[in-house]
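Protein chains: 2
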Amino acid sequence: MLVLDKLKEYIKDNKDDIVSDLRSLIKHPSVSAQGIGIDECAGTLNSIMRDAGLESRIIRIENGNPIVYGEVKGKKGSKTILFYSHYDVQPAEPLDAWRYNPFSGIVTDDKIYGRGSADSKGNVIAIVKAIKAMLELYDELPVNVKVLIEGEEEISSINLPAFVEKNKDMLNADACVCFDGSLNPSGSPNIFAGLKGLLYVELRCKTAMVDMHSSLAPLVHNAAWVLVKALNSIKKDGKIAIPNWYDDVKVPSKKDLDLLDGIDYDLESIKSSYGVKEFIGDAKGKTALKRLLFEPTCNIAGIYSGYVAGGSKTVLPSEAYAKIDFRLVYDQNPDILLNKLKKYLKEEGYDNIDVIKLGSVEPSKTDPSESIVICTQDAAKKVYGKEPTLFPNSWASGPDYVFTKILKIPSVWTGCSPANANIHAPNEFTSISNVLDGICYVSSIIHEFSMHK
Amino acid sequence: MLVLDKLKEYIKDNKDDIVSDLRSLIKHPSVSAQGIGIDECAGTLNSIMRDAGLESRIIRIENGNPIVYGEVKGKKGSKTILFYSHYDVQPAEPLDAWRYNPFSGIVTDDKIYGRGSADSKGNVIAIVKAIKAMLELYDELPVNVKVLIEGEEEISSINLPAFVEKNKDMLNADACVCFDGSLNPSGSPNIFAGLKGLLYVELRCKTAMVDMHSSLAPLVHNAAWVLVKALNSIKKDGKIAIPNWYDDVKVPSKKDLDLLDGIDYDLESIKSSYGVKEFIGDAKGKTALKRLLFEPTCNIAGIYSGYVAGGSKTVLPSEAYAKIDFRLVYDQNPDILLNKLKKYLKEEGYDNIDVIKLGSVEPSKTDPSESIVICTQDAAKKVYGKEPTLFPNSWASGPDYVFTKILKIPSVWTGCSPANANIHAPNEFTSISNVLDGICYVSSIIHEFSMHK
């Protein structure tokens, strides 16, 4: 029987050790996009996990960043829960926008600043220290616990699907908790019973060998124009116009919609935070929320062609580039959609546009009435003293599908990082009290899951 | 009576002086976009013009680059011809692509390398040395000659229209020769009886205060998408779709079309030079040439938004930019068209796009049966031994309209620089023999014009 007060006392007594270990993780950059400090961070994490009582090891990945994996056997015959998170971080650039060195882990009052402090080293520490606390307080865990911390989440978890595929037996569990999330502004965790997928492509258009003087515009195809026309043909009236794009969309279910109905989430704050006048189609309330959670998107993340410096230059560009991220919803498949996109552009006559896939993630969905979803909700309510927000789906993407589709187990996505923690931006921070609460949250999830039939 | 043989002998005797003066002009960078070496070049040019026998002076322009202006009175009661060219040059960047220092004026065999050697210092020297030669050989010119060399041609001749407007009496002439052109690959000059106009704008779209995570794409307007949609609405089926855009198009005339019929110009070489597979709409022969000369264009010179570096970033851009040059044909007016563009975008609902005018030039047209056109053709034929190519209109733009519309005199656009001289590109050069032929060409134009009724 988990006694929260006893746990809180333990945490209070061990606060310095917890903070110190989080700071040592932050001090190793572990920027996966730049390959900086990866092995050092994995090594330190492995030590912290072993110190916590996990049978932990570093698993090398060919041409990839190591995975740190550990297990603790629980009470005999008990269920198994798998925790997932990541130790790699986004690049810290632009460096001069940081108040402190992003890899110093500096502490000011309750805050620890640093790249990766909230996303997701604070979450990682919460998982590991929860296990340590439970082992020290109760000698034994009520369930078997497996912990998988990868080093490539910020670069689309390139090697994770193959790793999970290859290690199904080792990773086998009754449920998965992806602990890589944040609280909402009211101070209670967001819990997601599904994540969007992603197909990230670059369109590269080439119409000639070199740029030309724009006086030739009556005769020569301009790569920027060709790309603009092609992009325009992809999206019409706010919908993706590629034939059969929506064929495999299988959400929202009736349960998802019921859940959505009960969510009180302030989307209007997005407008003031970002200086947005109105949403697309002037969507409001539940309509806006439904779109956010369940609409497949086609987003131009970048476009570039010709002369973009100051003043004017009369050039006819021979090359043009666009980066597009398509967010997918269950059960769209990125590779099938990639082929549809390629086929469509070919059929529309865009022979001079190459489509390069830069990454993909499959969408993932878990039934919100699954045991792990209910246990996570219950744990959150007990630890944070208020109802968490359970979303039937997230508007963001993550590698959740490796658990739901490859391991074929239910999975929730949650975490303990503060809301508005400048994730992926300068001056990222986490708060010490949030990490300490996270330890209680993880312990409670384990406890609730052991109790739930 | 101009005797070409006598002139050629004079040129041979004075070749060193001619080349030396051209090199000293090249050694002064005179990059108008960067404000480097402007005054030095104007000063040197003024000395060269005075040495040639012109009453020459430097005319300062408020907030602009000086104009070098000179006159020679001809035989009493004779006609007046005005020569126009420019001493400023394009930026030399990228510097590391140059074989030699772009401001050294290095001579290798018949070539002089340097930024501005062909565009248009070689042409300037041809004008000035032709006057010097004729004065030294014949003591007097057969017509009054005025020479206007500006220092802002490469930055859209910003101050030229106001200058010409203010100095109509001083500049008054019977005809103008804009000597800022090149030979065609067969070695005979191109002559243009008209130039396209230009309206250069930047579209700036802003949909929010800051960039966002692309997971918000179902709700928040993406500036790149808004810009792509707006651009697409401007051009449909190859035509500019802005209402009444073509209202003021008054070319080609019957004479223009007759002239076009007789032109044998190898447009196909554009394809091989630039690696272009086929022209827009697979245009060929006279159809292609007619389009090139008389079609108003809407060219995307540059477009930029969001993340354009390596790899992928899931960002929803809040800002997007496009640079567009519209080429105009006689008698479209850039300011009227700018208003039509602004009005159209507003009516189409693009309130979040600002249209910034970066520059404009009016189109210009001279009747191909004008005396100055015929005299220039005759001069070219005599000097180069073959028919020049007379185009009823150019596909490029230039400030010709200040002469045809403000001074209201006929004007031709021609010159003596070599074909394929890497104008506006690294390793620009001119050839000494072309400059020397240019001296004969200018002298011949003056002579023919004095003879023609």
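Taken in order, these protein sequences are the chains called W and D.
With positions in the first sequence counted from 1, the corresponding number in this note's numbering is that position plus 114.
With positions in the second sequence counted from 1, the corresponding number in this note's numbering is that position plus 114.
Ideal Cβ placement from N, Cα and C applies to all residues, glycine included.
Proximity of D:Ile245 and D:Ala166 at Cβ, strictly below 7 Å: Inclusion of D:Ile245 and D:Ala166 in the CB contact set at 7 Å is warranted, their separation being smaller than that value.
Can you tell which of W:Ile450, W:Lys320 and W:Met565 has its C-alpha closest to the C-alpha of W:Ile356? Looking at the Cα atoms, W:Ile450 is the closest of the given residues.
From W:Ser300 to W:Ser558, what distance separates their C-alpha atoms? Take the alpha-carbon of W:Ser300 and the one of W:Ser558: they are about 20 Å apart.
Residue closest to W:Ser270, alpha-carbon to alpha-carbon, out of W:Cys489, W:Pro532 and W:Pro477: Closest by alpha carbon: W:Pro477.
Return the CA-CA distance between D:Lys57 and D:Arg441, expressed in angstroms with no decimal places. No information on residue 57 of chain D is available, as it lies outside the stretch 115 to 567 that chain D covers here.
Examine chain D for any beta-carbon lying closer than 7 Å to the beta-carbon of W:Glu409, and answer yes or no. Closer than 7 Å to the CB of W:Glu409 there is at least one CB belonging to chain D.
Looking at C-beta atoms only, is the number of pairs between the stretch 243-257 of chain W and the stretch 524-542 of chain W that lie closer than 8 Å three or more? No contact exists between the stretch 243-257 of chain W and the stretch 524-542 of chain W.
Exposure label - D:Asn413; buried when at least 16 CB within 10 Å: Flag for D:Asn413 reads buried.
Could you round the C-beta distance between W:His327 and W:Thr428 to whole angstroms and report it? I think they count as a contact, below 8 Å. About 6 Å separates the two Cβ atoms, so the contact holds.
Which residues in the same chain as D:Leu459 place their Cβ atom closer than 7 Å to its Cβ, once the five residues preceding and following it in sequence are excluded? Correct list, in chain order: Ala344, Ile467 and Val469.
My guess is that W:Gly219 and W:Lys141 are in contact by the Cβ rule of under 8 Å, so how many angstroms apart are they, rounded? The pair is a contact, with the Cβ atoms about 5 Å apart (cut-off 8 Å).
At a CB-CB cut-off below 9 Å, which residues of chain D make contact with W:His335? Neighbours of W:His335 on chain D, chain order: Val390, Lys391, Glu392, Phe393 and Ile394.
Can you list, in chain order, the residues of the stretch 428-441 of chain W whose Cβ is nearer than 9 Å to any Cβ on chain D? For the stretch 428-441 of chain W, the set of positions with a beta-carbon nearer than 9 Å to some beta-carbon of chain D reads Thr428, Val429, Leu430, Pro431, Ser432, Ala434, Tyr435, Ala436, Lys437, Asp439 and Arg441 in chain order.
In chain W, what lies closer than 7 Å to D:Asn413 by C-beta? Contacts between D:Asn413 and chain W, judged by CB atoms closer than 7 Å, involve Ser328, Ala331, Asn336 and Leu430 in chain order.
Do D:Ile241 and D:Val487 count as a contact pair if the criterion is CB distance below 7 Å? In this structure, D:Val487 keeps its C-beta atom at 7 Å or more from the C-beta atom of D:Ile241.
Going by DSSP in three states, W:Thr480 sits in which element: helix, strand or coil? If DSSP states are grouped into helix, strand and coil, W:Thr480 belongs with coil.
Quick one: grab the DSSP three-state call for W:Glu250. Here DSSP, grouped into helix, strand and coil, assigns W:Glu250 to helix.
Counting pairs of Cβ atoms below 8 Å between the stretch 281-292 of chain W and the stretch 389-402 of chain D, do you hit three or more? Short answer: they don't touch.
Quick check: is the beta carbon of W:Tyr418 nearer than 7 Å to any beta carbon in chain D? By this cut-off, W:Tyr418 is an interface position.
Those runs of the beta strand (DSSP E) which lie wholly inside the stretch 311-342 of chain D and span at least 3 residues: Entirely contained in the stretch 311-342 of chain D, the beta strand (DSSP E) runs reaching 3 residues are, in chain order, 311-320.
Evaluate D:Ile520 with the Cβ neighbour count: other Cβ atoms within 10 Å of its Cβ, from every protein chain shown; 16 or more gives buried, anything less gives exposed. Classification of D:Ile520: buried, given that the 10 Å Cβ count is 16 or more.
Runs of beta strand (DSSP E) wholly within the stretch 150-211 of chain D (minimum 3 residues, chain order): For the stretch 150-211 of chain D, whole beta strand (DSSP E) runs of length 3 or above, ordered along the chain, are 169-173, 181-186 and 194-200.
Every unbroken beta strand (DSSP E) inside the stretch 496-549 of chain W [3 residues or more]: Counting only runs of 3+ residues, the beta strand (DSSP E) found wholly inside the stretch 496-549 of chain W occupies 503-505, 525-528 and 543-545, in chain order.
Per DSSP, the bridge partner or partners of W:Thr411: Partner(s): W:Arg441.
Return helix, strand or coil for D:Ala434, following the three-state DSSP convention. Residue state for D:Ala434 is assigned as strand, using DSSP reduced to three classes.
Cβ pair count under 8 Å reaching 3, the stretch 299-318 of chain D against the stretch 208-223 of chain D: At 8 Å Cβ cutoff, the stretches do not touch.
Residues of the stretch 365-385 of chain W in Cβ contact with chain D at a cutoff of 8 Å, in chain order, please. If you check each beta-carbon in the stretch 365-385 of chain W against every beta-carbon of chain D, the ones closer than 8 Å belong to Leu381 and Ile384.
Which bits of chain W does D:Gly473 rub up against, with CB to CB less than 9 Å? For D:Gly473, the neighbours in chain W by C-beta distance under 9 Å run, in chain order, Gly425 and Ser426.
Give me the residue from D:Asp378, D:Tyr421 and D:Asp445 with the minimum Cα distance to D:Glu409. Between D:Glu409 and the set D:Asp378, D:Tyr421 and D:Asp445, the nearest pair of CA atoms involves D:Asp445.
Taking buried to mean at least 16 other C-beta atoms within 10 Å of its own C-beta, is D:Asp202 buried or exposed? The residue is buried, with at least 16 neighbouring Cβ atoms inside 10 Å.
Any beta-carbon of chain D closer than 7 Å to the one on W:Val443? No, because no Cβ of chain D sits closer than 7 Å to the Cβ of W:Val443.
Beta-carbon gap between W:Thr528 and W:Pro303 smaller than 7 Å: Judged by their CB atoms, W:Thr528 and W:Pro303 are nearer to each other than the 7 Å cut-off.
Cβ-Cβ separation, D:Val186 to D:Leu249 (assumed contact under 8 Å), whole Å: Contact between D:Leu249 and D:Val186 holds: their C-beta atoms lie close to 7 Å from each other, under 8 Å.
I'd like to confirm the pairing. Which residues does DSSP put opposite W:Glu264 in its beta bridges? Per DSSP, the beta bridge partners of W:Glu264 are W:His200.
As an exercise, report each continuous beta strand (DSSP E) stretch of at least 3 residues that is fully enclosed by the stretch 347-424 of chain W, in chain order. Listed in chain order, the beta strand (DSSP E) runs fully inside the stretch 347-424 of chain W are 411-420, counting runs of at least 3 residues.
Against chain D: residues of the stretch 136-151 of chain W by CB proximity under 9 Å: Residues Ala147.
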